[in-house]
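The working numbering puts the first residue of the sequence shown at 235, with every later residue one more than the last.
Before any comments, here is the structure.
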Amino acid sequence: MLLKKPLSAFLFIIIAAIAIPAAGLWLTEKETTQAPVQEEDPTVDVIRSDTQKTESVPLEEYVAGVVAAEMPASFEKEALKAQAVAARTFILTQTLKGMDVTDTVDDQVFKDEEDQKELWGADFETNKAKIEAAAQETEGEVLIYDGEPITAAFFSSGNGQTENAEEYWQSAEPYLISVASPWDAAAPNFEQEVVLTKQEVEEKLGVSLPGSGVVGAVIKKTTGGRIGSIAIDGKTFTGREIRETLGLPSADFQMTVSDADVVITTKGYGHGVGMSQYGANGMAKEGKDYQDIIAHYYPGTVISDAQTFLNR
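Structure follows, in structure tokens:
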């Protein structure tokens, strides 16, 4: 399991055990012949990419480390709080599935205190306090839908609209549906230009490109305005296939041949499913709180206590 509860609290002779709500996560008070003993906070096992060793990290420290790595510390506090809830939900879902967790984009990027010092330099203390507060003020909170923890997908910025889960991945989720995200336009990575050689694109896609002009004919757009499918030189690709094969920021793109190069313009950064981080920050700047942000990007979900699921 990824979230582990130490067994020390069970070494006492128990006359009666009464679970009570606590300020932290999953704290239990027990009546014994000795002084009451509380369980320690649960930990998360993280496979560190630099050493390939597994480290056990206290849950809330892990959540803060994910927020530090996944969202700019300059963002509004309510956006950071929404990110903390998403990060905590992710690790709970992985735990319930029995999945291993790395500190990379394959799961959630995690930075420990030393990583944070390197990342923030002179701003370390200020940023650390801000992010830890975001985690503490949402302590124990996770998102559920129909009584179960959700897949709390998130990404950097969109093209002004999020994506239906089934239009990027294979399975639909009722809470991962396309919603408006106009705040994305303020993101520095909203519009980008990628230049690849014509030869590289032809080799990677296994096609021949025209001598000049627009590449491919769009067959279908997704609900979120990205490329659903596109025909290039008689072959059909999904937008996701093109994005991942060519390493593009998003699946909202247009390709044009210019001499020996292919100029690719894109909108948004990431898969587009779930919560837009820049969108969350835009909402927070307008005075919305983290609950408003969550309700917008994960419609139909409710906030619950992770303890409920770990105690099952």
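We put the beta carbon where it would ideally sit given N, CA and C, even for glycine.
Rounded C-alpha distance that separates residue i from residue j
i: Q541; j: E289; result: 22 Å
i: L482; j: T500; result: 8 Å
i: L353; j: A367; result: 19 Å
i: K291; j: F389; result: The sequence given here places Val at residue 291; Lys does not occur at that position. Cα to Cα, V291 sits roughly 24 Å from F389.
i: A313; j: F344; result: 18 Å
i: V510; j: T396; result: Going by the sequence as given, residue 510 is Ser instead of Val. Cα to Cα, the separation comes out at about 7 Å.
i: E310; j: N515; result: 6 Å
i: K469; j: V301; result: 41 Å
i: S484; j: H505; result: 6 Å
i: G381; j: T336; result: 27 Å
i: S391; j: R477; result: 15 Å
i: T338; j: G473; result: 24 Å
i: F471; j: I464; result: 5 Å
i: S538; j: Q404; result: 27 Å
i: V491; j: D467; result: 14 Å
i: K438; j: A494; result: 15 Å
i: A356; j: A406; result: 44 Å
i: E181; j: I281; result: What the structure shows of the chain is the stretch from 235 to 546, and residue 181 is not part of that stretch, so it cannot be assessed.
i: Q370; j: K331; result: 25 Å
i: V536; j: L480; result: 37 Å
i: L421; j: M517; result: Position check: residue 421 holds Ala in this sequence, whereas Leu was assumed. Each residue's Cα considered, the two are about 13 Å apart.
i: K519; j: A451; result: 39 Å
i: R546; j: D346; result: 30 Å
i: A269; j: D275; result: Because the pLDDT at A269 is just 45, under 50, the model does not fix this residue reliably, and the value given afterwards should be weighed accordingly. Whole-angstrom Cα-Cα distance: 19 Å.
i: K287; j: V449; result: 45 Å
i: A399; j: G462; result: 12 Å
i: Y379; j: T285; result: 36 Å
i: V319; j: F487; result: 31 Å
i: E348; j: P444; result: 50 Å
i: R460; j: S283; result: 32 Å
i: Y402; j: E475; result: 10 Å
Own chain, CB closer than 7 Å to residue i, minus 5 neighbours either side, in chain order
i: A387; result: L410, V507, G508
i: N361; result: A307, W354
i: P428; result: Per the sequence shown, residue 428 should be read as Val rather than Pro. Cβ neighbours of V428 beyond the five flanking positions: L482, I498, T500.
i: T323; result: V376, L377, P383, I384, A386
i: S442; result: E436, D467
i: K315; result: A368, E371, T372, Y524
i: A257; result: Confidence at A257 is low in this model, with a pLDDT of 34, below 50, so the placement of that residue should be treated as unreliable; the coordinate-derived value is given next. So the list is empty, once near-sequence residues are dropped.
i: I365; result: A298, V301, A302, A307, L314
i: N423; result: S390, S391, P483, Y503
Residues near residue i by beta carbon distance below 8 Å, same chain, minus five either side
i: L326; result: L237, V376, P383, A540, F543, L544
i: V413; result: Q395, T396, H530, Y531, P533
i: Q350; result: G299, A302, F358, N361, K362
i: E342; result: Here the sequence assigns Gln to residue 342, which means Glu is not the residue at that position. Excluding residues within five positions, the ones whose Cβ falls inside 8 Å are V300, A303, E304, A321, F324, I325, V335.
Alpha helix (DSSP H) segment containing residue i, residue limits
i: V301; result: 293 to 304
i: I528; result: 524 to 531
i: I281; result: Per DSSP, I281 belongs to no alpha helix (DSSP H); it is in the beta strand (DSSP E), 277 to 281.
i: T323; result: 311 to 331
i: Q350; result: 347 to 354
i: V435; result: 432 to 439
i: A387; result: No alpha helix (DSSP H) contains A387, which DSSP labels as neither H nor E.
i: A572; result: The question about residue 572 has no answer, for the chain in this structure spans 235 to 546.
One or two residues paired with residue i in a DSSP bridge
i: E397; result: V507
i: T288; result: I281
i: I466; result: K469
i: E427; result: T499
i: G521; result: DSSP output for G521 lists no bridge partner at all.
i: I573; result: The displayed coordinates of the chain run from 235 to 546. Any statement about residue 573 would go beyond what the structure contains.
i: G447; result: V491
i: S391; result: Y503
i: A414; result: Q395
Sequence-distant residues of the same chain with beta carbon closer than 6 Å to residue i, five excluded per side
i: V496; result: L430, K432, V435, M489
i: Q525; result: none
i: G513; result: S415, W417, D418
i: I252; result: With a pLDDT of only 33 at I252, under 50, the local geometry of the prediction cannot be trusted, and the value read off the model is given with reservation. Nothing listed; no residue qualifies.
i: E425; result: K501
i: D523; result: E312
i: S446; result: V491
i: Q317; result: V301, M305
Continuous beta strand (DSSP E) stretch holding residue i: start and end
i: T490; result: 487 to 492
i: L377; result: 375 to 379
i: A363; result: Run containing A363: none in the beta strand (DSSP E); it sits in the alpha helix (DSSP H), 358 to 370.
i: V335; result: Looking at the DSSP string, V335 is not in any beta strand (DSSP E), and its letter there is neither H nor E.
i: D539; result: 536 to 539
i: V452; result: 451 to 455
Minimum Cβ-Cβ distance from residue i to chain D less than 7 Å
i: T479; result: The displayed structure is made up of one protein chain only, and chain D is not part of it.
| field | At least three beta-carbon pairs within less than 8 Å, the segment 450 to 462 to the segment 521 to 541 | value | The segment 450 to 462 makes no contact with the segment 521 to 541, as fewer than three CB pairs between them are under 8 Å.
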